[in-house]
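Q: Each protein sequence line maps, in turn, to chains A and B. Reading the first sequence from the start, the letters are residues 1 to 452 in this note's numbering. Reading the second sequence from the start, the letters are residues 1 to 522 in this note's numbering. Don't be surprised by glycine CBs; every beta carbon is placed ideally from N, CA and C. Have a look at this one before I ask anything.
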Amino acid sequence: MNKILGILGLLIVVCLATTLGNPRFLSPGNVENLIRLTALFGLISVGVAFVIITGGIDLSIGSTIALTGCLLAMFLEVDYVPREVPTTVTEVRTEPRAVVLSGDAGDLAKGDRLHVPTGVPGKFRFLTVDSVATEQDRTVAAVVESPSIVSAGGKVTVAKLHHMNVILAVALVLAISVGIGVLHGVLITKVRLQPFVVTLCGLLFYRGYARYLTNEQTQHFDASLEGLKYLASGQPFQVPIPFLRWIGDGSWSRFLWDPTAGKHALDAQGNLIPLDMIAWVAVPMPVIIMLVVAVLAAVFLNRTIYGRYLLALGRNEQAARYSGINTDRMTILAYVICSVLAGVAGILFALDLNLIQPASHANFYELYAISAAVLGGCSLRGGEGAILGVLIGAAVMRVLSNSIVLLGISTHLEFAIIGLVLLAGVIADEMVKRYAARRRAKHEAVLAEKGA
Amino acid sequence: MTGESTANDRRPPLLEVRGVSKRFPGVQALADVSLSLGCGEVLALIGENGAGKSTLMKILAGVQSPDAGEILLDGRAIRIDSVRAAQAHGIALIHQELNLADNLDVGANLFLGREPRTAIGLIDRRRIERESVEILRRVGLDVSPNTIVGTLSIGYQQMVEIAKALSANARILIMDEPTSSLTSGEAARLFDVIKDLRGRGVSIIYISHRLGEVNELADRVTVFRDGRHAGDLAREEISHDAMVRLMVGRDLAQFYARTIHTPGEAVLEVDALRVAPRGRHAVSLAIHSGEIVGMAGLVGAGRTELLEAIFGVRPPLLGTVRVAGNPLRLDSPVGPIAAGVALVPEDRKLQGLVLEMSVRQNISLANLHRQATRGWLDASGERRLAAEMIDRLHVRTPNDQQIVHYLSGGNQQKVVLGKWLALRPRVLLLDEPTRGVDVGAKHEIYRIMEQLAADGVAVLFVSSDMEEVLGMSDRALVMHEGRITGELARADLSEEAIMQLATGRDVSVGRKPAAAETARNK
Numbered sequence: 001m002n003k004i005l006g007i008l009g010l011l012i013v014v015c016l017a018t019t020l021g022n023p024r025f026l027s028p029g030n031v032e033n034l035i036r037l038t039a040l041f042g043l044i045s046v047g048v049a050f051v052i053i054t055g056g057i058d059l060s061i062g063s064t065i066a067l068t069g070c071l072l073a074m075f076l077e078v079d080y081v082p083r084e085v086p087t088t089v090t091e092v093r094t095e096p097r098a099v100v101l102s103g104d105a106g107d108l109a110k111g112d113r114l115h116v117p118t119g120v121p122g123k124f125r126f127l128t129v130d131s132v133a134t135e136q137d138r139t140v141a142a143v144v145e146s147p148s149i150v151s152a153g154g155k156v157t158v159a160k161l162h163h164m165n166v167i168l169a170v171a172l173v174l175a176i177s178v179g180i181g182v183l184h185g186v187l188i189t190k191v192r193l194q195p196f197v198v199t200l201c202g203l204l205f206y207r208g209y210a211r212y213l214t215n216e217q218t219q220h221f222d223a224s225l226e227g228l229k230y231l232a233s234g235q236p237f238q239v240p241i242p243f244l245r246w247i248g249d250g251s252w253s254r255f256l257w258d259p260t261a262g263k264h265a266l267d268a269q270g271n272l273i274p275l276d277m278i279a280w281v282a283v284p285m286p287v288i289i290m291l292v293v294a295v296l297a298a299v300f301l302n303r304t305i306y307g308r309y310l311l312a313l314g315r316n317e318q319a320a321r322y323s324g325i326n327t328d329r330m331t332i333l334a335y336v337i338c339s340v341l342a343g344v345a346g347i348l349f350a351l352d353l354n355l356i357q358p359a360s361h362a363n364f365y366e367l368y369a370i371s372a373a374v375l376g377g378c379s380l381r382g383g384e385g386a387i388l389g390v391l392i393g394a395a396v397m398r399v400l401s402n403s404i405v406l407l408g409i410s411t412h413l414e415f416a417i418i419g420l421v422l423l424a425g426v427i428a429d430e431m432v433k434r435y436a437a438r439r440r441a442k443h444e445a446v447l448a449e450k451g452a
Numbered sequence: 001m002t003g004e005s006t007a008n009d010r011r012p013p014l015l016e017v018r019g020v021s022k023r024f025p026g027v028q029a030l031a032d033v034s035l036s037l038g039c040g041e042v043l044a045l046i047g048e049n050g051a052g053k054s055t056l057m058k059i060l061a062g063v064q065s066p067d068a069g070e071i072l073l074d075g076r077a078i079r080i081d082s083v084r085a086a087q088a089h090g091i092a093l094i095h096q097e098l099n100l101a102d103n104l105d106v107g108a109n110l111f112l113g114r115e116p117r118t119a120i121g122l123i124d125r126r127r128i129e130r131e132s133v134e135i136l137r138r139v140g141l142d143v144s145p146n147t148i149v150g151t152l153s154i155g156y157q158q159m160v161e162i163a164k165a166l167s168a169n170a171r172i173l174i175m176d177e178p179t180s181s182l183t184s185g186e187a188a189r190l191f192d193v194i195k196d197l198r199g200r201g202v203s204i205i206y207i208s209h210r211l212g213e214v215n216e217l218a219d220r221v222t223v224f225r226d227g228r229h230a231g232d233l234a235r236e237e238i239s240h241d242a243m244v245r246l247m248v249g250r251d252l253a254q255f256y257a258r259t260i261h262t263p264g265e266a267v268l269e270v271d272a273l274r275v276a277p278r279g280r281h282a283v284s285l286a287i288h289s290g291e292i293v294g295m296a297g298l299v300g301a302g303r304t305e306l307l308e309a310i311f312g313v314r315p316p317l318l319g320t321v322r323v324a325g326n327p328l329r330l331d332s333p334v335g336p337i338a339a340g341v342a343l344v345p346e347d348r349k350l351q352g353l354v355l356e357m358s359v360r361q362n363i364s365l366a367n368l369h370r371q372a373t374r375g376w377l378d379a380s381g382e383r384r385l386a387a388e389m390i391d392r393l394h395v396r397t398p399n400d401q402q403i404v405h406y407l408s409g410g411n412q413q414k415v416v417l418g419k420w421l422a423l424r425p426r427v428l429l430l431d432e433p434t435r436g437v438d439v440g441a442k443h444e445i446y447r448i449m450e451q452l453a454a455d456g457v458a459v460l461f462v463s464s465d466m467e468e469v470l471g472m473s474d475r476a477l478v479m480h481e482g483r484i485t486g487e488l489a490r491a492d493l494s495e496e497a498i499m500q501l502a503t504g505r506d507v508s509v510g511r512k513p514a515a516a517e518t519a520r521n522k
């Protein structure tokens, strides 16, 4: 508990210092961005915390994120299946852009394409359908591109948009993450390899395999996958926070501030632009997912016997085994939790960025996660850790990297600063621990003296 | 001999310990302890487990520092704040667990940390070899300096350790239970060396549980009890009874409070169990309901391994274990625990307890799954259980939230017992149940064992403490090198009988070294 207060204090200090240095830190947009990133990194930090609690480590998280992200993008790669019979174009409209097709165009839908032959066999140009309407018994397909490449009376071939079922794709990716966790756990408990070595091999393998599978091509998601993207970028509700705009957007005033000009912004009439006192900050979906995961994780760790088993075996695996606990099974479970959360984060990171470079996506993320867990009170010796602390640790990491940008510190220093903060954190923790032990010993000696 | 020691009395003693105290979290290990050692004297230091002998020796060897008191060498106060300082003062500790690099050869071990160098700074191997031969001859050890230490028997390794101490010009040798893992031949050889060293003016502090040995070797005996100096015995006062009386501090019959019950049917049946690393020998035994069976033997005889196999932490190679007639699955402790087998392991800090967890959490650890409904922790059940066990076992702790690490050894052991008693075991296995435990707690542990036996539990305990085996057993099994070499009914129990079986020889330990010495002197 003291540890959590300590790390919370650190978070508040960093936030305050950054706000004083640059009020834009508290602008609603920045806050939204921060909590979204904290949620994404929080997921993997909670995951690795479970592994660290068992006294292990998982170095493969970044690579797992890259692999699951690439796999999801590849599973959901879209394909256009042309119909066998071409359709006749009855009319072409330019304002707004639309192509009118004769007869019933069947299940033509948004995202489908109209293939336009070019005269050269096997070569065609296409128009992307934006929306479909029916006029009498004709189909009007609004299109994205200029429809001038077709003319009335010409022929087009309807090509249906096709991709794997989204739920199936997500389930597959999560199943693969479970498999990765089981593999790690079994290698560590049954084959008795060291966690460091097993997950180091994982770090190399998953990254390498992702690069091979994608042929090093940048992956992205088709615009039609809106429902899925909602998971990463959806904002189901907003929360009101007072004064945020006055500080963040107004630079401690009630009017909009122009940071580049270094003065208040003026509207066309030369008046100051007033700001609302209440800012509505959107809560992104990842935050909600992370909160659900965190609550489940905390309940699991503190209110079930399995959480107790994890803590016990992390402190002393042998004593746990001698107490009849199936320590192997519990350890495997911890690695599965870690990999699944890496997989969930992998899906969200991929959707969030929508641009996955297999070689560099999520590089070093395992180190961010481990740092957050350690900063949040986990001991790499095992047996120690609280979910709340880990989340605050993740927040500190995000705030730090945000502060570095906002305070104009060279971003090249980011790793250096994070390293120093982490070092200072563990030194402080060690000092507090020693001080407590000394005080305790002294207290005992005094008691003994009185007794004697 | 007697003439020598009176001569010593006039000069200041070589080593004097005055009023030393040492406190560990939860326990006063030493309280105002004094001791003196003359030149060329063998001082036996005896006491029950947890009496503070090892702590004092660690202080003398510079491993730990005292909270109070002073240490005088040749009448001058000295500070021993590191192992190196102890060595510089000529004090060497020969540990129970030997401190040799067993991957290196004998010569390298003898000169470890002070290797002679050649002109260009490389290790002077030829000089090491030459001097090693000389040093080894002094302890009568006939091995080549190029022998890898790991290939030597324990007895030989101990001689190497002694040679190493002597080569560093040690004047005071402290030996902590040196014979606990030696065969009788090796022990006899060690006694020869000790007597020879005494003759050359080396002083020896000899710690042992084997009163027969003490009787044979010691010029004087100092007895510790509960971290305090309980008394001294001069050469002519040394006798088994006198030593035990000082060690226990009360009448023996009262200390080992035993009521002999009529054993019921066999609860634990071990049939032709073969356990690594001694799979050559099959072990069979049966323990009956209401019976307390002691298991004696030298360190390394395979007793711990046998208990571990029965408990499922060391899967046996072959053989079966049955509890109440039902064979157990022995690939993990889950099966044996479910069948009602509990093990109080040898190393309670490593295997018995999660030291950083609370008393409550340790007591409940093996019971959580019984109390839980669908995996949810039963917090109030956990509290109740802890309260019940703390009360029943008289665990001295401020509350059930106390971290176990801060309890004394005896109370820690009671927590381990509490964890198992909550399961209502049918078979209780105990491995060195009173090691590092003070006399009071020891008495209570015996009381609990007795009470469990009265309730019909089958109790099997392993102990290297001879008095404990003699005092607590309804019958005793003795192991030697992986085999059960004999069984002694309570009426036939004696230190000599046990040692004969434990060393696998039909020769009394007490006689043999004396004979060997005469042979040498001729």
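Could you check the C-alpha separation between alanine 223 of chain A and glutamate 382 of chain B for me, to the nearest Å?
A: The residue labelled residue 223 of chain A in the question sits at position 223 within the first sequence. The residue labelled residue 382 of chain B in the question sits at position 382 within the second sequence. C-alpha separation (whole angstroms): 55 Å.
Q: Is there at least one Cβ from chain A nearer than 8 Å to glycine 352 of chain B's Cβ?
A: Counting from 1 along the second sequence, the entry for residue 352 of chain B is found at position 352. Using a CB distance cut-off of 8 Å, glycine 352 of chain B counts as an interface residue toward chain A.
Q: Decide if glutamine 136 of chain A is buried, meaning its Cβ has at least 16 other Cβ atoms within 10 Å, or exposed.
A: Taking the first sequence and counting its residues from 1, the one referred to as residue 136 of chain A is at position 136. The residue is exposed, with fewer than 16 neighbouring Cβ atoms inside 10 Å.
Q: The stretch 291–316 of chain A: which residues have C-beta closer than 7 Å to a C-beta of chain B, in chain order?
A: Hits within the stretch, in order: Arg303, Thr304, Ile305, Tyr306, Arg308, Ala312, Arg315 and Asn316.
Q: Does the beta carbon of proline 333 of chain B sit closer than 8 Å to a beta carbon anywhere in chain A?
A: For this step, residue 333 of chain B is matched to residue 333 along the second sequence. Yes, proline 333 of chain B lies at the interface with chain A (some Cβ there is under 8 Å from its Cβ).
Q: Along the chain, where does the beta strand (DSSP E) containing glutamine 219 of chain A start, and where does it finish?
A: Numbered from its first residue, the first sequence carries residue 219 of chain A at position 219. Counting along the chain, glutamine 219 of chain A falls outside any beta strand (DSSP E), and DSSP gives it neither H nor E.
Q: Going by other Cβ atoms of all chains shown within 10 Å of its Cβ, with 16 needed for buried, is glutamate 157 of chain B buried or exposed?
A: What you label residue 157 of chain B is simply residue 157 of the second sequence in a count that begins at 1. According to the sequence shown, residue 157 of chain B is glutamine rather than glutamate. Glutamine 157 of chain B comes out buried.
Q: For valine 281 of chain A, which of A/Val13, A/Ile35, A/Thr304 and A/Gly6 has the nearest alpha-carbon?
A: Within the first sequence, numbered from 1, the residue matching residue 281 of chain A stands at position 281. The shortest C-alpha separation from valine 281 of chain A is found at A/Ile35.
Q: Given valine 396 of chain A, which residues of its chain have a CB within under 7 Å of its CB, disregarding the five upstream and five downstream residues?
A: Taking the first sequence and counting its residues from 1, the one referred to as residue 396 of chain A is at position 396. Same-chain partners within the cutoff: Ile7, Leu10, Leu11, Val14 and Leu375.
Q: How many angstroms separate the CA atom of leucine 161 of chain A from the CA atom of aspartate 79 of chain A?
A: Numbered from 1 along the first sequence, position 161 holds the residue referred to as residue 161 of chain A. Numbered from 1 along the first sequence, position 79 holds the residue referred to as residue 79 of chain A. Each residue's Cα considered, the two are about 6 Å apart.
Q: In the DSSP output, what is leucine 488 of chain B paired with across the bridge?
A: Your numbering for residue 488 of chain B matches position 488 in the second sequence. The partner list for leucine 488 of chain B (beta bridge, DSSP) reads B/Ala476.
Q: For lysine 195 of chain B, which of B/Leu182, B/Thr183 and B/Val214 has the nearest alpha-carbon?
A: As a position in the second sequence, residue 195 of chain B is number 195, starting the count at 1. For the residues B/Leu182, B/Thr183 and B/Val214, the minimum Cα distance to lysine 195 of chain B belongs to B/Val214.
Q: Work out the CA separation of alanine 61 of chain B and isoleucine 78 of chain B for me, nearest whole Å.
A: Locating residue 78 of chain B in the second sequence gives position 78, counting from the first residue. Locating residue 61 of chain B in the second sequence gives position 61, counting from the first residue. Taking the straight line joining both Cα atoms gives about 12 Å.
Q: Could you tell me the distance, in whole angstroms, from the CA atom of histidine 240 of chain B to the CA atom of alanine 163 of chain B?
A: Mapped onto the second sequence, residue 240 of chain B falls at position 240. Mapped onto the second sequence, residue 163 of chain B falls at position 163. Separation of histidine 240 of chain B and alanine 163 of chain B (C-alpha to C-alpha, rounded to the nearest whole angstrom) is 31 Å.
Q: Can you list the alpha helix (DSSP H) stretches of 4 or more residues lying completely in the stretch 52–89 of chain B, in chain order?
A: 53–60 and 83–88
Q: Using a Cβ-Cβ cut-off of less than 8 Å, list which residues of the stretch 320–341 of chain A approach chain B; keep chain order.
A: Ala320, Arg321, Tyr322, Ser323, Gly324, Ile325 and Asn326
Q: If you follow the beta strand (DSSP E) that tryptophan 280 of chain A is in, where does it begin and where does it stop?
A: What you label residue 280 of chain A is simply residue 280 of the first sequence in a count that begins at 1. Start and end: 278–283.
Q: In angstroms, rounded to a whole number, what distance separates the CA positions of alanine 98 of chain A and valine 92 of chain A?
A: Here residue 98 of chain A refers to the residue found at position 98 of the first sequence. Here residue 92 of chain A refers to the residue found at position 92 of the first sequence. So the alpha carbons of these two residues sit roughly 6 Å apart.
Q: Quick one: measure Cβ to Cβ for valine 89 of chain A and leucine 101 of chain A, integer angstroms, because I've assumed they're closer than 8 Å.
A: Within the first sequence, residue 89 of chain A is the residue found at index 89, counting from 1. Within the first sequence, residue 101 of chain A is the residue found at index 101, counting from 1. So it is a contact: roughly 6 Å between Cβ atoms.
Q: Go through its chain and collect everything with a Cβ distance to serine 360 of chain A's Cβ below 7 Å, but skip five positions before and after it.
A: One-based indexing of the first sequence puts residue 360 of chain A at position 360. Non-local C-beta neighbours of serine 360 of chain A in its own chain, meaning closer than 7 Å and more than five positions away in sequence, are absent.
Q: Can the beta-carbon of alanine 297 of chain A be found less than 8 Å from the beta-carbon of valine 46 of chain A?
A: As a first step, residue 297 of chain A is located in the first sequence; it is residue number 297 there, counting from the start. As a first step, residue 46 of chain A is located in the first sequence; it is residue number 46 there, counting from the start. Note that the C-beta distance between alanine 297 of chain A and valine 46 of chain A is below 8 Å.
Q: Taking Cβ-Cβ distances shorter than 7 Å, what residues in chain B pair up with glutamate 444 of chain A?
A: By 1-based counting over the first sequence, the position of residue 444 of chain A is 444. Annotation: Cβ neighbours of glutamate 444 of chain A in chain B (cutoff 7 Å, chain order): Pro25.
Q: Leaving out five residues on either side along the sequence, give the residues of the same chain with a beta carbon under 8 Å from the beta carbon of valine 344 of chain A.
A: In the first sequence, counting from the first residue as 1, residue 344 of chain A sits at position 344. Result list for valine 344 of chain A: Leu43, Leu174, Ser177, Ile289 and Val293, in chain order.
Q: Any C-beta of chain A within less than 8 Å: which residues of the stretch 410–428 of chain B qualify?
A: Lys419
Q: Ignoring anything shorter than 4 residues or poking outside the stretch 378–443 of chain A, list the alpha helix (DSSP H) runs there in chain order.
A: 387–406
Q: Buried or exposed: leucine 479 of chain B, going by 16 or more other Cβ atoms within 10 Å of its Cβ?
A: On the second sequence, position 479 is the one that residue 479 of chain B refers to. For the record, residue 479 of chain B in the displayed sequence is methionine; it is not leucine. It is buried - the Cβ of methionine 479 of chain B has at least 16 other Cβ atoms within 10 Å.
Q: Mind checking if glutamate 356 of chain B is an interface residue toward chain A, Cβ cutoff 8 Å exclusive?
A: Mapped onto the second sequence, residue 356 of chain B falls at position 356. Interface residue, yes.
Q: Answer with yes or no whether the minimum CB distance from histidine 394 of chain B to chain A is below 8 Å.
A: Locating residue 394 of chain B in the second sequence gives position 394, counting from the first residue. No, because no Cβ of chain A sits closer than 8 Å to the Cβ of histidine 394 of chain B.
Q: Phenylalanine 237 of chain A lies in the beta strand (DSSP E); which residues open and close that run?
A: Walking along the first sequence from the start, residue 237 of chain A turns up at place 237. 237–242 is the span of the beta strand (DSSP E), which, as asked, contains phenylalanine 237 of chain A.
Q: Nearest CA to the CA of aspartate 547 of chain B: which residue from B/Ala218, B/Thr151 and B/Val20?
A: What the structure shows of chain B is the stretch from 1 to 522, and residue 547 of chain B is not part of that stretch, so it cannot be assessed.
Q: Is the shortest distance between the beta-carbon of alanine 68 of chain B and the beta-carbons of chain A less than 8 Å?
A: To locate residue 68 of chain B, count along the second sequence from 1; it is residue 68. Chain A contact via Cβ: absent.
Q: With DSSP collapsed to three states, give me the class of glycine 3 of chain B.
A: As a first step, residue 3 of chain B must be located in the second sequence, where it is residue number 3. Reliability of the predicted coordinates at glycine 3 of chain B is poor, the pLDDT of 42 falling under 50, and no value is obtained from them.
Q: Spatial neighbours of proline 425 of chain B within its chain, please: C-beta separation below 7 Å, excluding the five flanking residues on both sides.
A: Here residue 425 of chain B corresponds to residue number 425 of the second sequence, with the count starting at 1. Excluding positions up to five away in sequence, the list reads Gly340, Val341, Ala342 and Val457.
Q: Tell me, to the nearest whole angstrom, how far the beta carbon of threonine 179 of chain B is from that of serine 208 of chain B; I am working on the premise that it is less than 8 Å.
A: For the purposes of this step, residue 179 of chain B is identified with residue 179 of the second sequence, where counting begins at 1. For the purposes of this step, residue 208 of chain B is identified with residue 208 of the second sequence, where counting begins at 1. About 7 Å; that satisfies the 8 Å criterion.
Q: For glycine 55 of chain A, would you say it is in contact with chain B, using Cβ-to-Cβ distances shorter than 8 Å as the test?
A: Translated into the one-based positions of the first sequence, residue 55 of chain A becomes position 55. For glycine 55 of chain A, the answer is no, since every Cβ of chain B falls outside 8 Å of its Cβ.
Q: Which same chain residues end up closer than 6 Å to glycine 510 of chain B when comparing Cβ atoms and leaving out the 5 residues on each side of it in sequence?
A: Within the second sequence, the letter at position 510 stands for residue 510 of chain B. Legend: pLDDT at glycine 510 of chain B = 36, less than 50; position of this residue unreliable, value from coordinates given subsequently. Hits under 6 Å: Gly212 and Glu216.
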